[in-house]
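Counting from 1, position 230 in the sequence shown corresponds to residue 249 in the working numbering; the numbering is continuous, with no gaps.
Where a beta carbon is used, it is the ideal one built from N, C-alpha and C, also for glycine.
This report concerns only the one structure given below.
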Amino acid sequence: MRRLFISDLHLQPERPDISRAFHYFLSHIAPPCDELYLLGDIFEYWIGDDAPLPGLEPLLRQLRDLVDQGTRLYFMHGNRDFLVGHDLMAQLGATLLPEQHRLIIDGEAALLLHGDELCTDDVDYQAFRAQVRDSQWQQAFLSKSVAERIAVARQLREASQQQGAMKQEAIMDVNPQAVADIMDRHDVELLIHGHTHRPARHAQPRQDARGERIVLGDWSESGWYLEIRDGKRELIRFTPPPECTTQ
Ligand code: MN
């Protein structure tokens with residue numbers, strides 16, 4: 020069984036380098052795989068399935084092709100693309116996962132999450148998160164015109180960038196106690212998340228077991244993925260060769 024995990028691509032029309040890396044990943048790295056997990060912030064922003072980001076159609080088609088070839092595709096919301104809905108899932112043939120998803124991987128209990136809820140030291144962000152993850156807020160937002168939604172999304176992104184620039188590095192990383200708590204609560208040995216853009220493998224000892232926390236990386240002209248195959252875990256960075264062009 021070959022499982023792949025990615026997050027934090029932040030795909031956007033303004034970044035053809037990221038689209039190129041994803042195109043390479045979908046054509047040269049992912050196939051064949053049994054399961055592909057998209058763990059949030061695949062898109063830099065998403066204002067509704069009725070207004071998809073322009074220019075990404077070929078990549079969405081490649082994802083669909085993978086599904087048609089037998090890969091099970093799973094999608095989890097991040098803090099940028101939490102408005103991805105069932106229409107896009109149907110188009111891709113993907114399954115939408117809850118905010119926290121527990122599963123058994125090669126006999127070990129694992130928890131998948133985007134990771135932003137682990138940044139509990141960032142109090143402002145957690146308040147914002149509670150607001151935009153509220154279904155009433157989301158319904159009100161989605162009922163606006165596309166132009167209004169674009170304007171609101173831009174304001175939110177600018178505010179978040181300004182706040183982020185003023186925050187201490189440590190505040191924007193995960194809180195160690197939040198990590199320990201969530202692994203205890205779900206009784207898992209393995210935690211897989213993204214969001215912090217600090218790709219690494221951390222030993223996360225639990226009472227009896229070895230325990231590990233794997234942080235996925237953010238994409239630029241290079242990409243990151245976690246491969247778990249027959250019990251073997253590898254966090255891999257790749258760069259498409261120069262001759263590889265987009266579509
Ligand atoms: Mn994120």
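Taking the Cβ of D27 as the reference point, at least one heavy atom of ligand 1 falls within a distance shorter than 7 Å. Counting only the Cα atoms, D53 lies some 7 Å from G89. The secondary-structure analysis by DSSP pairs W243 across a beta bridge with R256.
Contact check for V86 against L78 fails: the beta carbons are separated by 8 Å or more.
Shown here, E167 sits in a helix according to DSSP, grouped into three states. The beta carbon of H105 sits closer than 8 Å to the beta carbons of D68, L115 from its chain, once the five residues preceding and following it are set aside; these are given in chain order. With contacts defined by Cβ atoms closer than 8 Å, H221 and H133 do not form a contacting pair.
Contact check for D141 against I190 passes: the beta carbons are separated by less than 8 Å. Around the CB of E208, 16 or more other CB atoms lie within 10 Å, so the residue is classed as buried.
Relative to ligand 1, D141 has its C-beta separated by 7 Å or more from all heavy atoms.
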